[in-house]
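See structure below.
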Amino acid sequence: MRWPKIRELREAVVAVFSPRFTTRFPAKPCQVPERYRGKPEFDEKECIGCSACVNVCPTQALTMSDEAKSNPPVRKIVQRYDCCIFCGNCQDNCTTEKGIRLTDQWDLATLDRESTKQTHEHELQLCEKCGAIIGAKKHLICLYERLGPLA
1 MRWPKIRELR EAVVAVFSPR FTTRFPAKPC QVPERYRGKP EFDEKECIGC SACVNVCPTQ
61 ALTMSDEAKS NPPVRKIVQR YDCCIFCGNC QDNCTTEKGI RLTDQWDLAT LDRESTKQTH
121 EHELQLCEKC GAIIGAKKHL ICLYERLGPL A
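Position 81, counted from 1, in the sequence shown is what the working numbering calls 81; the numbers after and before it change by one each time, with no gaps.
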């Protein structure tokens, strides 16, 4: 019974006199590894508004709403960093493979939750006869270019 207490006392003394093992984070920026998964960012030129990223987001950090009654009709994709777990599903399932990318930014702490929200808008194409939503215009153009002469 006596020996475990001596061992614990020895560990405490060693811990007191050994150098600290902490980071200097706020004063000195932390370097993240090369393949670190951080904040996802949309590339407005490459994103076609297909909503593939919205469909695979496990935490619903990405949500989509179509507003067919507005002029012009738009698809809004809302991105919330406060809900995101940086899983990378959005990047892995992107149709263009460049529309959304994970960055190395990880320190996203803020006191205002509204500052963690971003909205991306894409123009929608509606059916001329019935007015139903066909899809985002950039998505249809991308499909047309990929099909080539088959279109």
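We treat Cβ as the ideally placed atom computed from N, Cα and C, and that holds for glycine.
Of the residues the options, the one placed nearest residue i, counting alpha carbons only
i           : options          : result
residue 98  : 30, 3, 88        : 88
residue 82  : 101, 111, 19     : 111
residue 142 : 94, 48, 26       : 48
residue 139 : 63, 86, 12, 125  : 125
residue 96  : 44, 3, 10        : 44
residue 131 : 121, 72, 11      : 72
residue 59  : 65, 107, 7, 80   : 80
residue 160 : 32, 25, 102, 122 : Since the first residue of the chain shown is 1 and the last is 151, residue 160 is not available in this structure.
residue 123 : 4, 26, 90, 68    : 68
Beta-carbon proximity check, residue i vs residue j, cutoff 8 Å
i           : j          : result
residue 84  : residue 61 : yes
residue 136 : residue 50 : yes
residue 86  : residue 37 : yes
Residues that residue i bridges to, as DSSP identifies them
i           : result
residue 145 : According to DSSP, which records beta bridges pairwise, residue 145 is partnered with nothing at all.
residue 135 : 125
residue 66  : 75
Nearest-angstrom Cβ-Cβ length linking residue i and residue j, presumed shorter than 8 Å
i           : j          : result
residue 119 : residue 78 : 5 Å
residue 121 : residue 74 : 5 Å
residue 104 : residue 32 : 5 Å
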